[in-house]
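**Student:** Sharing a structure, written as structure tokens. Questions coming.
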Amino acid sequence: MSGPALEVRGLATHFFSREGVVKAVDGVDLSVARGKVLGLVGESGSGKSVTGFSLMGLVDPPGRIVAGSIKLAGRELIGLSGEEMRRLRGHKIAMVFQDPMMTLNPVLRIGTQIALAIRAHEQVSDADARARAAAALGQVSIPSPAERLDAYPHQFSGGMRQRVAIAIALLHRPDVIVADEPTTALDVSIQGQILYEMQSLAAAMGVALIWITHDLAVVSSLADEICVMYAGRIIERGPADEVLTSPRHPYTRGLLDSVPGDAAPGSALPQIQGSTPSLLRLPPGCAFRQRCDRADQACGAMPELAESGKPRQVRCHHPLATA
Ligand code: ADP
Ligand code: MG
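With the first letter of the sequence shown counted as 1, position 187 gets the number 186 in numbering that gives the first Met the number 0; the numbers rise by one all the way through.
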């Protein structure tokens, strides 16, 4: 099928709290093609998870999608009923959470849970469900998959539990998988392996992958495109290699400078000064300006996310020169 697997336009998700309206996501555009990886990057609190939950139709009161369009394989999701979304979730769009126990039931055997996930969307015999469950575990590099079907989640390591959650997300070969910091709690070496394997599987199966992380280093080698989020908005986007080698937004530059790697071992990494602003009462203008050494009066007006040499976009009045 032609066209992007997922196309998001002007997505806004707000929380109507007692203290006021939290604009957690405020006008986000995203587009991912089949087999490609979109890295959605930003500090904690920038709105990455709320974006992911919005795509899944999993935002609960006091939160609500207040504007935008989410097209999954060309089909508009905004306005679908809860029942219609339940039929798509886990089938056409799936999520992998930071904690695999969000997906796994501690009291059910792994094979039983995978069979349930298959049967939520397909009618299959017991024998077929079991065979597919074993194949699904094998696909995510779990050794002796047929024997492991009878194990319980607590008999798996954290990394293996996350592999099971990934296997479940891949079961129905969805159009899109949203992976929300799925390796953040894991060992660094396991992180890299899982990211690499998941990217290969998604590419081979034609699944579009949205990889959410606060850690630019994690997606640097594997994402095709990177979108950097700050205070509920995308502030820079472009092909991953270009964003990483030649960031144009001062915030992206700051994120890159705080990634270990280039710095001499033992030296302190530069951190971005200040902290993320409260989304409750964001002052007008660029949300980064209080932390930015390039800010001036112009930054009191919100910059547009503007083309900055196709296909790059940057939301900044004073972008950095291309390297
Ligand atoms: P990230 O995943 O980038 O760390 P989140 O998407 O979880 O950030 O959160 C973005 C913003 O939305 C945060 O400021 C957070 O306080 C706010 N938020 C998330 N959930 C709720 C909620 N249930 N009620 C009010 N605010 C919320
Ligand atoms: Mg999050």
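Glycine included, every Cβ here is placed at the ideal spot set by N, Cα and C.
So is His153 buried or exposed if we call it buried at 16+ other beta carbons inside 10 Å?
**Tutor:** exposed
**Student:** If you reduce the DSSP assignment to three classes, tell me which class Ile141 lands in.
**Tutor:** coil
**Student:** What are the boundary residues of the alpha helix (DSSP H) that includes Ile209?
**Tutor:** Careful: Ile209 lies outside any alpha helix (DSSP H), inside the beta strand (DSSP E) at Ala207 to Thr212.
**Student:** Could you say which of Ile109, Thr212, Ala297 and Met84 lies nearest to His324 if we only look at CA atoms?
**Tutor:** Here the chain has residues from 0 to 322 only, and residue 324 is not among them.
**Student:** Check whether the Cβ atoms of Val24 and Gly46 lie closer than 9 Å to each other.
**Tutor:** yes
**Student:** Please report the straight-line C-alpha distance between Cys291 and Lys22, rounded to a whole angstrom.
**Tutor:** 21 Å
**Student:** Please list the segments of the beta strand (DSSP E) lying wholly inside the stretch 75-135, counting only runs of 3 or more residues, in order along the chain.
**Tutor:** 92-95
**Student:** In chain order, what residues of the same chain lie with their CB nearer than 6 Å to the CB of Gly81, ignoring the 5 residues before and after it?
**Tutor:** none
**Student:** Considering Gly237, what are the terminal residues of the beta strand (DSSP E) in which it resides?
**Tutor:** Arg232 to Pro238
**Student:** Excluding the 5 residues flanking Val20 on each side, which residues of the same chain have their C-beta closer than 8 Å to its C-beta?
**Tutor:** Around Val20: His13, Phe14 and Leu279.
**Student:** Shortest alpha-carbon distance to Arg88 belongs to which of Asp186, Glu6, Pro259 and Leu169?
**Tutor:** Leu169
**Student:** With DSSP as the reference, identify every bridge partner of His13, one or two as the case may be.
**Tutor:** Lys22 and Arg63
**Student:** Ala166 and Leu208 - do their beta-carbons sit closer together than 9 Å?
**Tutor:** no
**Student:** Quick one: does the C-beta of Ile109 sit closer than 8 Å to a heavy atom of the ligand MG?
**Tutor:** no
**Student:** Quick one: which unbroken beta strand (DSSP E) runs of 3-plus residues sit fully inside the stretch 156-187? Chain order, please.
**Tutor:** Segments of the beta strand (DSSP E) lying fully in the stretch 156-187: 175-179.
**Student:** Just to confirm my understanding: we take Val139, look at its own chain, exclude 5 residues before and 5 after, and list those with CB closer than 6 Å. What are they?
**Tutor:** Arg162, Ile165 and Ala166
**Student:** Answer yes or no: the CB of Ser219 versus the heavy atoms of the ligand MG, is any distance below 8 Å?
**Tutor:** no
**Student:** Could you check whether the Cβ of Met100 sits closer than 8 Å to any heavy atom belonging to the ligand ADP?
**Tutor:** no
**Student:** Output needed for Ile189: all residues of its chain with C-beta closer than 6 Å, excluding positions within five of it in sequence on either side, in chain order.
**Tutor:** Gly158
**Student:** Could you work out which residue in Ala230, Gly137 and Asp214 is closest to Leu200 when comparing CA atoms only?
**Tutor:** Ranking the options by Cα distance to Leu200, first place goes to Gly137.
**Student:** Do His171 and Lys91 have their C-beta atoms within less than 9 Å of each other?
**Tutor:** yes
**Student:** Should Ser53 be counted as a contact of the ligand MG given a C-beta to heavy atom distance under 8 Å?
**Tutor:** No, the ligand MG has no heavy atom inside 8 Å of this Cβ.
**Student:** Examine the ligand MG and report whether any of its heavy atoms sits within less than 8 Å of the Cβ of Ser156.
**Tutor:** Ser156 Cβ: outside cutoff for every heavy atom of the ligand MG.
**Student:** Taking DSSP's pairing of strands, which residues face Val31 in a bridge?
**Tutor:** Leu5
**Student:** Compare the C-alpha of Ala135 against each of Glu121, Ser124, Ala114 and Phe155 and name the closest.
**Tutor:** The candidate whose alpha carbon is nearest that of Ala135 is Ala114.
**Student:** Is the closest heavy atom of the ligand MG to the C-beta of Glu42 under 8 Å?
**Tutor:** Because no heavy atom of the ligand MG lies under 8 Å away, the Cβ of Glu42 does not count as near it: no.
**Student:** What residue from Gly38, Ala222, Arg232 and Asn104 has the CA that sits closest to Met301's CA?
**Tutor:** Checked all of Gly38, Ala222, Arg232 and Asn104; the closest Cα to Met301 is Arg232.
**Student:** Expressed to the nearest angstrom, what Euclidean distance is found between the alpha-carbon atoms of Arg160 and Ile225?
**Tutor:** 27 Å
**Student:** Are three or more beta carbon pairs between the stretch 114-133 and the stretch 58-68 nearer than 8 Å?
**Tutor:** no
**Student:** Does DSSP put Ala326 in a helix, a strand or coil?
**Tutor:** Residue 326 is absent from the structure shown; the chain starts at 0 and stops at 322.
**Student:** When DSSP labels each residue in this structure, what does Tyr229 get in the three-state scheme?
**Tutor:** Three-state DSSP puts Tyr229 in a strand.
**Student:** Report whether the distance from the Cβ of Asp25 to the nearest heavy atom of the ligand ADP is below 8 Å.
**Tutor:** no
**Student:** Do the CB positions of Val217 and Val175 come within less than 9 Å of each other?
**Tutor:** no
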